[in-house]
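A short worksheet on the structure shown next.
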Amino acid sequence: MRYFIELSYNGKAYHGWQVQPNAISVQEVLEKGLSTLLKEKISTMGAGRTDAGVHAIQLFAHFDTEVIFEEHMLQYKLNSFLPEAISIQNIFKVKADAHARFDAVSRQYLYRIALQKNPFNTEQAFLLKAKLDIDRIKEATKILFNYKDFQCFSKSNTDVKTYNCNIMKAQWEVVGNELQFTIKADRFLRNMVRAIVGTLINVGVGKLEVNDMHNIIKSKNRSEAGFSVPAHALYLTEVAYPKTIKL
Numbered sequence: 002m003r004y005f006i007e008l009s010y011n012g013k014a015y016h017g018w019q020v021q022p023n024a025i026s027v028q029e030v031l032e033k034g035l036s037t038l039l040k041e042k043i044s045t046m047g048a049g050r051t052d053a054g055v056h057a058i059q060l061f062a063h064f065d066t067e068v069i070f071e072e073h074m075l076q077y078k079l080n081s082f083l084p085e086a087i088s089i090q091n092i093f094k095v096k097a098d099a100h101a102r103f104d105a106v107s108r109q110y111l112y113r114i115a116l117q118k119n120p121f122n123t124e125q126a127f128l129l130k131a132k133l134d135i136d137r138i139k140e141a142t143k144i145l146f147n148y149k150d151f152q153c154f155s156k157s158n159t160d161v162k163t164y165n166c167n168i169m170k171a172q173w174e175v176v177g178n179e180l181q182f183t184i185k186a187d188r189f190l191r192n193m194v195r196a197i198v199g200t201l202i203n204v205g206v207g208k209l210e211v212n213d214m215h216n217i218i219k220s221k222n223r224s225e226a227g228f229s230v231p232a233h234a235l236y237l238t239e240v241a242y243p244k245t246i247k248l
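Quick note on numbering: the sequence shown equals residues 2 to 248 in my numbering.
Right under this line is the structure:
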């Protein structure tokens, strides 16, 4: 049987989602827990990678097993076994060919910028001391919808075949003392969201003009875009699938 597992995690202690040769990852910890409880070697496939330090409010992975178990009971046992930074939200059966990565139709991220010092969110949001022109940022953000190729925001030396992404949502909102950026697309490149946010901050502080976004994207050159904002304020918030994947 193939199962989907829905999880959340605080990425502070982990070197991203994907198994790494010399660093601890969320995937490694999850597979160890599943293998121990099901008493067989379990491998998982995640909906995508998150970089070191990035959090996930919702991420899905799939795994195969011949072991018969009750989903809610495995969820309870797994949550007891895993460290506090990782939480299992759901486990459910899917079709045999359902794929956590390739069947995902969209992914959504949230980036949190703290507009004033707050001792209670220093590890959850990026404190930005510079004053931002939010209207300029919003104007520059609209330019993203004119393009598909976002190589300029991608980490160099990636193994992707295409840099095309279909952005469905990109919006800014002031929430309390935070400026929050939500972006949704069918796929994301490595480091893409953090590079977009850093570039838009440069627009907001006056280092770049709004229309510079056109030239940056057309350049397909990472060095033309802005800095990458810190990982600790980035959250994968949603991964969507067709309803037809469930049994």
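The C-beta atom is built at its ideal place from N, Cα and C for all residues, glycine as well.
Mapping DSSP to helix, strand and coil, what is Gly-12? helix
Hey, how far is the Cα of Asp-52 from the Cα of Leu-31? 17 Å
Selection from Ala-86, Leu-35, His-63 that minimises the alpha carbon distance to Ala-48: His-63
Would you call Ala-24 buried or exposed, if buried means 16 or more other Cβ atoms sit within 10 Å of its Cβ? exposed
With 16 other Cβ atoms within 10 Å as the buried cut-off, status of Ala-186: buried
Ordered along the chain, which non-local residues of its own chain (more than five positions away) have a Cβ less than 6 Å from that of Ile-217? Cys-153, Glu-225, Ala-226
Member of Tyr-112, Gln-125, Met-46, Val-194 whose CA lies at the smallest distance from the CA of Lys-156: Val-194
Close-in-space but distant-in-sequence residues of the same chain around Ile-197 (CB under 6 Å, 5 per side omitted): Phe-154
Under DSSP, the beta strand (DSSP E) around Gly-249 begins and ends at which residues? This structure leaves residue 249 out entirely; the chain is present only between 2 and 248.
Residue closest to Lys-139, alpha-carbon to alpha-carbon, out of Glu-41, Lys-94, Phe-103, Thr-200: Thr-200
Have a look at Ile-92 and Phe-70 and give me their C-alpha separation to the nearest angstrom. 11 Å
In three-state DSSP terms, what is Leu-226? The question names Leu, but residue 226 is Ala in the sequence shown. Looking at Ala-226 - three-state DSSP - the assignment turns out to be coil, as it is neither helix nor strand.
Cutoff 8 Å; reference Gln-181; Cβ partners in own chain excluding five residues on either side: Leu-111, Tyr-112, Arg-113, Ile-114, Trp-173, Glu-174, Val-175
Glu-41 to Val-27, Cα distance in whole Å? 19 Å
For Ile-87, which of helix, strand or coil comes out of DSSP? strand
What separation, rounded to the nearest whole angstrom, lies between the Cα atoms of Val-211 and Thr-37? 53 Å
Would you give the residue range spanned by the alpha helix (DSSP H) that Arg-191 belongs to? Run containing Arg-191: none; DSSP gives neither H nor E here.
Which complete beta strand (DSSP E) runs does the segment 86-166 hold, if anything under 3 residues is left out? 87-95, 107-115
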